[in-house]
Amino acid sequence: MATTQQCEMLLTVNGEAHSVIARPADTLLFVLRNKLRLTGAKPGCLNGDCGACTVLIDGGPIKSCMMLAIETVGKTITTIEGLKHSPIQQAFVEHFAFQCGYCTPGFIMNAHALTEKYPDASDDVIQEWLESNICRCTSYREIEQAVKSVLLKKHRND
Amino acid sequence: MIGKSVIRKEAWDKVTGAAKYTNDYVTPGTLHARLVTSPYAHANIQAIDIEKALSVPGVRAIVTGEGLPLTGEDLLDRPPIAFEKVRYHGEVVAVVVADTLVQAEKAANLVRITYEPLPVVGSPREALKEGAPLIHEQLGSYQKGRGIYPEPNTNIAHRTKIRKGNMEKGWAESDVVVEASFSFSPSDHAAMETRCATAEILPDGYIIIYASSQSPFMIKKLISSYFGEDVGKVIVHTPLVGGAYGGKTPVQLELLAYLASKAVGGRKVSVWNTREDDIITSPVHIGLEATVKLGCTNDGYLKAAEILYLFDGGAYSDKAIDVSRAGAVDCTGPYHIENVWCDSLCVYTNHPYACPFRGFGHGELSFAIERTMDLLAEKLQMDRLELRMKNAICPGHTTPTQVLLNNSNVGNLPKCIERLRELIHWDDWQRIEIDARTVRAKGVSCIWKTSTVDTDASSGAILTFNPNGSINLISGVVEIGTGTKTILAQILAEKMKMDIKDIHVKMEVDTQTTPEHWKTVASRGTFMAGRAVLKAADDAIRQLKEIASIVLRASVEDLEVGYGKVFLRDDPAIYVNIKDIAYGYKYPNGNAIGGQIIGRGNYILRHLTYLDKETGAGKPGPEWTVGAQAVEIEFDKRDYTYKIIRAVSVIDIGKVLNEKAAIGQVMGAMSMGLSWASRETFLFDRYERVLNPQLRTYRLLRFGEHPEYIVEFVETPQIDAPYGARGAGEHGLIGMPSALANALSVAAEVPLNELPLVPELIWRKKKGEHHGSI
Numbered sequence: 001m002a003t004t005q006q007c008e009m010l011l012t013v014n015g016e017a018h019s020v021i022a023r024p025a026d027t028l029l030f031v032l033r034n035k036l037r038l039t040g041a042k043p044g045c046l047n048g049d050c051g052a053c054t055v056l057i058d059g060g061p062i063k064s065c066m067m068l069a070i071e072t073v074g075k076t077i078t079t080i081e082g083l084k085h086s087p088i089q090q091a092f093v094e095h096f097a098f099q100c101g102y103c104t105p106g107f108i109m110n111a112h113a114l115t116e117k118y119p120d121a122s123d124d125v126i127q128e129w130l131e132s133n134i135c136r137c138t139s140y141r142e143i144e145q146a147v148k149s150v151l152l153k154k155h156r157n158d
Numbered sequence: 001m002i003g004k005s006v007i008r009k010e011a012w013d014k015v016t017g018a019a020k021y022t023n024d025y026v027t028p029g030t031l032h033a034r035l036v037t038s039p040y041a042h043a044n045i046q047a048i049d050i051e052k053a054l055s056v057p058g059v060r061a062i063v064t065g066e067g068l069p070l071t072g073e074d075l076l077d078r079p080p081i082a083f084e085k086v087r088y089h090g091e092v093v094a095v096v097v098a099d100t101l102v103q104a105e106k107a108a109n110l111v112r113i114t115y116e117p118l119p120v121v122g123s124p125r126e127a128l129k130e131g132a133p134l135i136h137e138q139l140g141s142y143q144k145g146r147g148i149y150p151e152p153n154t155n156i157a158h159r160t161k162i163r164k165g166n167m168e169k170g171w172a173e174s175d176v177v178v179e180a181s182f183s184f185s186p187s188d189h190a191a192m193e194t195r196c197a198t199a200e201i202l203p204d205g206y207i208i209i210y211a212s213s214q215s216p217f218m219i220k221k222l223i224s225s226y227f228g229e230d231v232g233k234v235i236v237h238t239p240l241v242g243g244a245y246g247g248k249t250p251v252q253l254e255l256l257a258y259l260a261s262k263a264v265g266g267r268k269v270s271v272w273n274t275r276e277d278d279i280i281t282s283p284v285h286i287g288l289e290a291t292v293k294l295g296c297t298n299d300g301y302l303k304a305a306e307i308l309y310l311f312d313g314g315a316y317s318d319k320a321i322d323v324s325r326a327g328a329v330d331c332t333g334p335y336h337i338e339n340v341w342c343d344s345l346c347v348y349t350n351h352p353y354a355c356p357f358r359g360f361g362h363g364e365l366s367f368a369i370e371r372t373m374d375l376l377a378e379k380l381q382m383d384r385l386e387l388r389m390k391n392a393i394c395p396g397h398t399t400p401t402q403v404l405l406n407n408s409n410v411g412n413l414p415k416c417i418e419r420l421r422e423l424i425h426w427d428d429w430q431r432i433e434i435d436a437r438t439v440r441a442k443g444v445s446c447i448w449k450t451s452t453v454d455t456d457a458s459s460g461a462i463l464t465f466n467p468n469g470s471i472n473l474i475s476g477v478v479e480i481g482t483g484t485k486t487i488l489a490q491i492l493a494e495k496m497k498m499d500i501k502d503i504h505v506k507m508e509v510d511t512q513t514t515p516e517h518w519k520t521v522a523s524r525g526t527f528m529a530g531r532a533v534l535k536a537a538d539d540a541i542r543q544l545k546e547i548a549s550i551v552l553r554a555s556v557e558d559l560e561v562g563y564g565k566v567f568l569r570d571d572p573a574i575y576v577n578i579k580d581i582a583y584g585y586k587y588p589n590g591n592a593i594g595g596q597i598i599g600r601g602n603y604i605l606r607h608l609t610y611l612d613k614e615t616g617a618g619k620p621g622p623e624w625t626v627g628a629q630a631v632e633i634e635f636d637k638r639d640y641t642y643k644i645i646r647a648v649s650v651i652d653i654g655k656v657l658n659e660k661a662a663i664g665q666v667m668g669a670m671s672m673g674l675s676w677a678s679r680e681t682f683l684f685d686r687y688e689r690v691l692n693p694q695l696r697t698y699r700l701l702r703f704g705e706h707p708e709y710i711v712e713f714v715e716t717p718q719i720d721a722p723y724g725a726r727g728a729g730e731h732g733l734i735g736m737p738s739a740l741a742n743a744l745s746v747a748a749e750v751p752l753n754e755l756p757l758v759p760e761l762i763w764r765k766k767k768g769e770h771h772g773s774i
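Right under this line is the structure:
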């Protein structure tokens with residue numbers, strides 16, 4: 001059956017090369033979770049609405065439910081499991097910027113890329129980036145404070 | 001330790017992707033299920049043809065509804081898979097099990113079902129009309145629990161009556177009377193983790209379930225009772241839960257997973273909701289139609305309340321009966337009224353079925369009551385906060401179910417109102433025209449809530465010691481995001497006078513090894529599990545002292561425990577380290593006494609009663625948390641849009657156990673309340689199909705739309721609770737819809753008695769209903 005035809009693809013995830021057998025129709029989210037057992041990226045809608053599955057492709061945030069795994073061949077994929085001791089993770093912990101934690105990996109990946117790319121992001125830029133993720137537990141105020149604390153620290157270090 | 005903003009125990013797991021949720025445990029070899037759901041809200045099922053679907057490679061089984069028992073917690077009215085008839089859009093009609101999700105989905109699309117559509121019931125008022133289609137023809141024959149009163153040959157699943165005082169006297173004493181009606185449709189919990197359950201039946205009959213649930217112990221009980229399984233052989237695992245808000249209280253997918261596994265010889269099957277299924281197939285946030293009539297004296301003292309709540313329970317009663325009862329229990333809002341008449345009905349409609357939602361009926365009733373309070377203040381030409389202050393419920397008053405309040409079982413509402421008045425600068429202005437098109441306005445509301453849980457709800461805790469004297473804390477509370485298990489660790493650390501980092505909290509619940517916690521609901525986790533933990537700590541302390549008394553050659557009465565030691569009260573220099581006795585004490589010659597210290601404790605709610613059928617009199621919950629809330633908005637008169645500027649809560653929490661966590665719970669609840677009130681609703685077509693079962697059409701509040709939040713606490717201890725703390729996980733939500741509606745009604749100068757408060761609604765109300773069809 002055509003839909004079950006598999007092919008081999010070489011993916012670079014968190015600095016490691018992985019050879020994966022998957023269907024060309026499989027999303028990156030599916031391959032990360034079901035083939036590589038990297039379950040940090042979360043399915044929330046499979047429709048690009050909630051952002052819980054956000055990962056970085058070549059440093060930019062992408063909803064992994066909206067991208068085919070095969071499209072990422074030759075690109076650098078970073079998932080929450082590949083983010084170690086980043087300021088944004090520390091800030092999320094200190095500012096109580098999550099409760100149930102389900103949207104957190106997606107929010108952190110998005111916010112991490114934001115703080116890396118736009119260390120002097122204005123409120124408008126912050127909103128433009130972060131409104132693509134949904135958090136149902138916090139008031140967003142906590143997340144705003146966490147992100148701004150990282151931006152502020154970057155400023156001080158400049 | 002108490003009051004400190006301790007970082008939650010699972011924090012680092014949650015920011016590194018290490019935190020695991022139910023669907024993260026799906027292992028290779030697991031079979032996958034896809035649900036076939038009804039495209040109709042009410043229809044007879046004439047035929048189900050599964051032949052073509054079965055021929056899809058990889059398909060293992062297709063389960064349909066024939067021969068299954070009826071299910072339900074209060075009233076057994078729901079087949080786990082629809083049989084002969086569907087009663088809501090999205091109802092499960094078949095479950096397809098295949099090797100992969102793709103195959104299951106393909107086959108699900110090939111299941112051919114022939115329906116005969118039936119007339120639909122689209123609201124509680126429609127459901128009560130003479131000649132309305134009956135949704136449950138067999139209502140009279142359903143099994144039911146104690147205190148459940150379905151009315152056969154109607155669409156009424158249950159009616160709770162409140163009859164307090166003397167209505168004739170109440171109206172006679174009333175100089176001013178207002179009456180108004182309110183309504184809103186069902187909506188959704190929209191937890192970011194969609195519901196998920198896996199089931200596996202082992203050769204020796206053990207049933208292993210993983211579920212994203214607030215009720216793992218209930219799953220075990222219900223599977224046993226519905227299907228005749230040995231309750232000890234049902235083992236339910238619940239890891240971290242990705243948001244719940246009441247929506248993961250019902251037992252639904254777990255039954256499907258069990259049935260699916262049974263159909264494939266016990267293999268492990270995963271049933272995982274798509275977002276669309278999660279929104280309409282699984283239980284939803286209840287809708288309400290209400291009429292409230294309040295009477296008061298010329299100087300604003302309430303004398304009578306006549307209240308009709310028609311809760312939209314949807315197609316099946318599930319916990320909606322309980323929600324409607326909770327609505328009756330606290331029907332008046334936090335006000336002292338001697339004469340109260342209330343009928344609170346759980347009504348069947350052809351909507352997705354309802355279950356608990358954060359606030360458990362209180363956000364709903366509060367919308368009706370607090371709007372009426374504003375209408376009354378307007379008629380009296382009295383300050384809106386002043387009217388609330390005059391009638392604030394206090395110790396010495398009785399509740400609608402005639403519970404006498406005292407200084408412990410209710411918080412201090414006047415103090416909350418006073419503080420709110422200052423925080424929102426109420427006396428400076430309440431409505432102000434900024435320019436020709438912009439108006440700013442403030443709205444307020446007061447809240448209260450008790451927890452109408454089962455009268456015998458209980459919680460247990462086990463403490464096991466490690467060789468270094470650290471403690472493993474095991475409780476049946478599910479970590480749904482509220483941080484309760486961290487707070488339990490704080491309670492234990494305080495009691496044992498030890499470092500919280502030496503307390504290891506078991507996050508997962510495993511019903512075989514974790515002591516029962518009834519359900520993680522009703523803002524009762526800290527209270528009940530906290531009491532159990534304190535009792536378990538006492539038990540551990542007693543054991544530690546017993547061994548230490550032998551080692552130290554002193555009587556147990558002379559010993560104290562703390563700081564990793566058991567020491568003499570009057571000479572702490574004489575001590576034994578806990579680590580040297582936690583696994584038994586060994587003498588220099590090799591002799592040993594004692595053994596691992598295992599502390600156990602439990603707690604059961606006390607003196608709760610069923611409500612009297614005719615008057616509602618009875619004690620439904622242990623205590624009432626109260627609070628006062630406000631919303632400030634900026635309204636654009638030209639296009640009816642508005643911005644929420646500020647939202648404020650002052651809540652009597654009894655005692656703050658973890659400051660940041662408490663503020664986070666309240667702000668998160670406020671955010672959810674504002675999101676619901678300002679934009680969330682199911683949009684139904686005339687066939688009662690849900691038109692917006694996706695997160696791009698079912699809009700939630702997003703980053704950047706959030707207002708400024710101000711949260712403060714009053715501390716009136718509940719004497720029986722751990723360190724005096726009251727429940728507070730839900731209360732931030734309760735007054736938000738009404739405070740927002742009150743602010744907007746003042747700004748737009750039109751009564752807004754429906755939700756959600758979208759600009760179109762305000763425009764329609766301003767222009768008059770005849771434009772409503774545009």
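So the sequences go chain by chain: F and P. The first sequence begins at 1 in full-length UniProt numbering and counts up by one. The second sequence begins at 1 in full-length UniProt numbering and counts up by one. C-beta: ideal position from N, C-alpha, C; glycine also.
So is residue i buried or exposed if we call it buried at 16+ other beta carbons inside 10 Å?
i         : result
Thr-429/P : Before going further, note that residue 429/P is Trp rather than Thr in the sequence given. Trp-429/P is exposed by the Cβ-count criterion.
Gly-590/P : exposed
Val-73/F  : exposed
Gln-596/P : exposed
Gln-46/P  : exposed
Thr-526/P : buried
Lys-767/P : exposed
Asp-6/F   : According to the sequence displayed, residue 6/F carries Gln and not Asp. So Gln-6/F counts as exposed.
Gln-143/P : exposed
Gly-668/P : buried
Ser-122/F : exposed
Can you look up residue i in the DSSP assignment and give me helix, strand or coil?
i         : result
Arg-553/P : coil
Asp-49/P  : strand
Pro-693/P : coil
Cys-355/P : strand
Val-477/P : coil
Ser-270/P : strand
Give me the Cα-Cα distance between residue i and residue j, rounded to the nearest whole angstrom.
i         : j         : result
Asp-330/P : Cys-342/P : 10 angstroms
Ala-304/P : Leu-375/P : 15 angstroms
Ile-503/P : Asn-472/P : 6 angstroms
Val-36/P  : Val-92/P  : 6 angstroms
Val-86/P  : Arg-112/P : 15 angstroms
Glu-712/P : Leu-118/P : 52 angstroms
Asp-124/F : Lys-643/P : 16 angstroms
Could you please tell me which residues of the stretch 1 to 18 of chain P, in chain order, have their CB closer than 9 angstroms to any CB of chain F? Ser-5, Ile-7, Arg-8, Glu-10, Ala-11, Trp-12, Asp-13, Lys-14, Val-15, Thr-16, Gly-17 and Ala-18
Identify each residue in the stretch 84 to 106 of chain F for which the Cβ-Cβ distance to at least one residue of chain P is less than 7 angstroms, and report them in chain order. Gln-89, Phe-92, Val-93, Phe-96, Phe-98, Gln-99, Cys-100, Gly-101, Tyr-102, Cys-103, Thr-104 and Pro-105
message = Please give the ranges of any alpha helix (DSSP H) in the stretch 73 to 113 of chain F, keeping only runs that are unbroken, at least 4 residues long and fully inside the region.
response = 87 to 94
Listed from N- to C-terminal order along the chain, which residues in the stretch 43 to 64 of chain F have their beta-carbon within a distance smaller than 9 angstroms of any beta-carbon of chain P?
-> Correct list: Pro-43, Gly-44, Cys-45, Leu-46, Asn-47, Gly-48, Asp-49, Cys-50 and Ala-52.
Enumerated in chain order, which unbroken segments of the alpha helix (DSSP H) with a length of 4 residues or greater are wholly contained in the stretch 38 to 111 of chain P?
51 to 54 and 101 to 108
Within the stretch 325 to 382 of chain P, ranges of the alpha helix (DSSP H) (whole runs, at least 4 residues): 362 to 380
Q. Along the stretch 114 to 146 of chain F, what residues have a CB closer than 9 angstroms to any CB found in chain P?
A. Per Cβ criterion, the list reads Asp-123, Asp-124, Ile-126, Gln-127, Glu-128, Trp-129, Leu-130, Glu-131, Ser-132, Asn-133, Ile-134, Cys-135, Arg-136, Cys-137, Thr-138, Ser-139, Tyr-140, Arg-141, Glu-142, Ile-143 and Glu-144.
- Sequence ranges, beta strand (DSSP E) only - wholly within the stretch 630 to 662 of chain P, length at least 3: 642 to 652
Scan the stretch 22 to 33 of chain F for residues whose Cβ lies nearer than 7 angstroms to a Cβ of chain P and list them as they occur along the chain.
none
| query | Name the residues in the stretch 696 to 720 of chain P whose C-beta lies less than 7 angstroms from a C-beta of chain F; which are they? | reply | Within the stretch 696 to 720 of chain P, Arg-696, Leu-700, Arg-702, Phe-703, Gly-704, His-706 and Tyr-709 place their CB atoms closer than 7 angstroms to a CB of chain F, listed in sequence order.
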